[in-house]
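Per our numbering, the very first residue in the sequence shown carries number 282; after that it's consecutive. The beta-carbon is built from N, C-alpha and C at its ideal position, and this holds for glycine as well. This one's a predicted model, so the numbers in the text were calculated from it and none came from an experiment.
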Amino acid sequence: MIFPVLTLPQAKETHVWQLYLPAFQPFLSPWWEWLSTDEQERAQRFYKAEDRDRFILSRGGLRYLLSRYLACHPETLDFTYSHYGKPSLVTATAQLAFNLAHSGAWVVYAISRQKLVGIDVEQVQPRAYLEGLVERCLTPVERQTLPLNPQKRLYHFFQYWTVKEAHLKAIGLGLSYPMTAIQVEWQPSPHLSLAAQTTDCAGKRWTLQLWEPAAVAIAAVCTEQTANQITINDFPIPI
Numbered sequence: 282m283i284f285p286v287l288t289l290p291q292a293k294e295t296h297v298w299q300l301y302l303p304a305f306q307p308f309l310s311p312w313w314e315w316l317s318t319d320e321q322e323r324a325q326r327f328y329k330a331e332d333r334d335r336f337i338l339s340r341g342g343l344r345y346l347l348s349r350y351l352a353c354h355p356e357t358l359d360f361t362y363s364h365y366g367k368p369s370l371v372t373a374t375a376q377l378a379f380n381l382a383h384s385g386a387w388v389v390y391a392i393s394r395q396k397l398v399g400i401d402v403e404q405v406q407p408r409a410y411l412e413g414l415v416e417r418c419l420t421p422v423e424r425q426t427l428p429l430n431p432q433k434r435l436y437h438f439f440q441y442w443t444v445k446e447a448h449l450k451a452i453g454l455g456l457s458y459p460m461t462a463i464q465v466e467w468q469p470s471p472h473l474s475l476a477a478q479t480t481d482c483a484g485k486r487w488t489l490q491l492w493e494p495a496a497v498a499i500a501a502v503c504t505e506q507t508a509n510q511i512t513i514n515d516f517p518i519p520i
C-alpha cells in the first residue's frame, strides 16, 4: 500500500474527509493490522459485525489520514485520551488536532491546526421519543423554529443536534455539557448565538459548517476562530 503525503492544513484551515463505509470493506484486514492492542480489544467487544467493522474502518481510516499528513506508517501512531474520551496524538511535530465521528454508512474526520475542533455526523432516522429529545436538547427559541410537519421536524432537529454535538466535541466535553446551554441560529449562516461557557473556551469565536454526505445523513464541523477555511473532501481510496 502506497502512502502519498498530504499537505498539512494552514493556520486557519480545517480539512474535512468523509468516508463511505461500503466502499472501504476491502480494507478491513490491512487496517485491522494497524490498530493498537487496545483498539483491537475494543473492536472485539462489539456484538454486531457491522458495528465492529465500522469501528475498525473508522480507526484505520484515521490512522491512514494522519500518517499521510505526518509521513509515517499508520501503526506507529500513538493516541492519548481526555477524561471525556477525546483522542489526540501523543507526539506530533506538526501539532495536528483532529476529531472523528461515525453514524450509519458514514465516517467523517476533521484535521486542523486549531486545538479546539469537533465533528459529528448523524443518520436521519425516526425517533420514537422525538419530542422528549426536543425538550432536553433545544432551547425555547430553537423549539419555536421547528416545523410541524413530522419529517421536516425530524430533519431540523438533527441539524441542531449535529451542530451542537460538533461544538461539544470541539471543547472536549461531549454530552456532559447541557445542550440547552448552547443556542444555534441559521441566518445569515449557521452560527452559535450562545456557545459553551467554560474556563478554556469562554469568549472564543467559532466557525461552523453543515453539510449532507448523503440524503439521509447530516454532518457538521466546528472549529475555533472565525474565518476558518473548511474544505470537504471524499476520503482518498488507498492505492
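Proximity to residue i [Cα-Cα], best of the options
| i | options | result |
| --- | --- | --- |
| L302 | F327, S339, L289 | S339 |
| Y365 | Q404, A451, T512 | A451 |
| Q490 | S470, S474, A476, A483 | S470 |
| I392 | Q376, V297, Q306, T357 | V297 |
| Y458 | Q468, Q478, F439, Q440 | Q478 |
| H354 | E320, P311, Q376 | P311 |
| A409 | V388, P431, P421 | P431 |
| Q321 | K433, I337, A501, A304 | I337 |
Straight-line Cα distance separating residue j from residue i
| i | j | result |
| --- | --- | --- |
| K485 | W442 | 21 Å |
| D334 | L300 | 13 Å |
| I499 | Q291 | 26 Å |
| L351 | L454 | 27 Å |
| R394 | E314 | 28 Å |
| M460 | A386 | 25 Å |
| T426 | A324 | 40 Å |
| R417 | L309 | 38 Å |
| R349 | L475 | 36 Å |
| A447 | D401 | 5 Å |
| E403 | R326 | 23 Å |
| V371 | S363 | 11 Å |
| V444 | Y390 | 15 Å |
| Q376 | F516 | 22 Å |
| S384 | T480 | 31 Å |
| F438 | P421 | 13 Å |
| L435 | P428 | 9 Å |
| E495 | S369 | One detail in the question is off: residue 495 reads as Ala in this sequence, not Glu. Their Cα atoms are separated by approximately 28 Å. |
| E331 | G341 | 15 Å |
Residues bridged to residue i [DSSP beta-bridge criterion]
| i | result |
| --- | --- |
| G455 | Partner(s): none; G455 has no beta bridge. |
| H383 | V388 |
| A378 | S393 |
| A495 | A498 |
| T504 | V398, T488 |
Whole-angstrom C-beta distance between residue j and residue i, which should lie under 8 Å
| i | j | result |
| --- | --- | --- |
| E505 | W487 | 6 Å |
| C503 | G399 | 5 Å |
| Q464 | E493 | Not quite, the Cβ-Cβ distance comes to about 22 Å (not below 8 Å), so this is no contact. |
| L343 | L397 | With 8 Å as the limit, L343 and L397 do not qualify as a contact, their Cβ atoms being about 18 Å apart. |
| A511 | T295 | Looking at the sequence itself, residue 511 is Ile, so the reference to Ala does not match. Sure, about 5 Å apart at Cβ, within 8 Å. |
| N509 | K293 | 5 Å |
Checklist entry - Which parts of the segment 429 to 477 are runs of the alpha helix (DSSP H), unbroken and 4 residues or longer, counting only runs that do not cross its ends? => result As far as the segment 429 to 477 is concerned, its whole alpha helix (DSSP H) runs of at least 4 residues are 431 to 451.
Item to check | Unbroken stretches of the alpha helix (DSSP H), 4 residues or longer, contained in the segment 342 to 368 | outcome: none
Next on the checklist: Suppose only complete runs of 4+ residues qualify. What are the alpha helix (DSSP H) ranges in the segment 395 to 420, listed by chain order?
Outcome noted: 411 to 418
Checklist entry - Going along the chain, which unbroken runs of the alpha helix (DSSP H) with 4 or more residues stay wholly within the segment 296 to 320? => result 309 to 315
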